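Heads up, the sequence shown is in the numbering used here, so the first residue is 218 and it goes up one at a time.
Glycine is no exception: its CB is placed at the ideal position from the N, C-alpha and C atoms.
Nothing here was measured: the structure is a model prediction, and the numbers come from that model.
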Amino acid sequence: MKVVDPVCKMTIDSEKAAATSQYKGQTIYFCAPGCKTKFDKEPEKYLGK
Numbered sequence: 218m219k220v221v222d223p224v225c226k227m228t229i230d231s232e233k234a235a236a237t238s239q240y241k242g243q244t245i246y247f248c249a250p251g252c253k254t255k256f257d258k259e260p261e262k263y264l265g266k
């Protein structure tokens, strides 16, 4: 499944994601561990809430 990394906006394959996080019952996929780290610090910033 194609997904978009919320930090860098890169489209990636969910099965090949470098990292994932759980947020409010959803799995968020990332292209690299650095994007996951940024998201985990400020998830609302990247999800536009």
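- Closest in C-alpha terms to L264, from the list V224, V220 and M218, comes V224.
- Between the C-alpha atoms of G242 and A235 there is a straight-line separation of about 19 Å.
- Here Y246 is bridged, per DSSP, to T237.
- For D222, the three-state secondary structure derived from DSSP is coil.
- The beta carbon of S231 sits closer than 7 Å to the beta carbons of M218, V220 and Y246 from its chain, once the five residues preceding and following it are set aside; these are given in chain order.
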